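Data block below; observations after.
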Amino acid sequence: MIFIYVPCQNLDTAKIIAKILVEKRMAGKIDIMPTNSFSRENGGVIEAPGATMIIMTIDKHVQDIEDVVREHYQGGVPCMATISLYRLNRDFKDWLIASTSCRARFASWRIAKYSAKAPAFFIVAACKINLKYDIIEV
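To get this note's numbering, take the position in the sequence shown, counting from 1, and add 3.
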């Protein structure tokens, strides 16, 4: 599980990026907060309003998310800082995996449960999207 910190120039840009990422199932959830940033420009310090996104996703989507952010970011160099999580509650982790793994309208799910007598209990979901398969062990 990964959180990605992305400050944007304005709320509209953050909303556009967030909508794309969630629609494409690259992110399970994105929090957007209004922020004020301070930086150096032309020899002085400036304050600029903006919006900061915390993108909640899984590892395999990080590069695709960076590509979307670069494509829609307005002016300047975007900051995209990934935050590896030490611990995440199980319910949210399960939800995040499910919400970023398959496009429901194109998905064909096969779920196999191993019996309780097996050494480990796994739910394996295979999802077909454009001839790609994602295998998820929970």
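Positions of the beta carbon are idealized from the N, C-alpha and C atoms, including for glycine.
Only a predicted model underlies this, so the values are computations on that prediction, with no experimental measurement involved.
- Contact between SER87 and ILE5 holds: their C-beta atoms lie close to 6 angstroms from each other, under 8 angstroms.
- Setting aside the 5 residues that flank it on each side, ILE19 is surrounded in the same chain by HIS75, each with a C-beta closer than 8 angstroms to its C-beta; the list follows chain order.
- In this model, MET36 and VAL48 are separated by some 22 angstroms (Cα to Cα).
- Excluding five sequence positions before and after LYS63, none of the CB atoms of its chain fall closer than 6 angstroms to its own CB.
- In the structure shown, VAL48 falls within a strand segment according to DSSP collapsed to helix, strand and coil.
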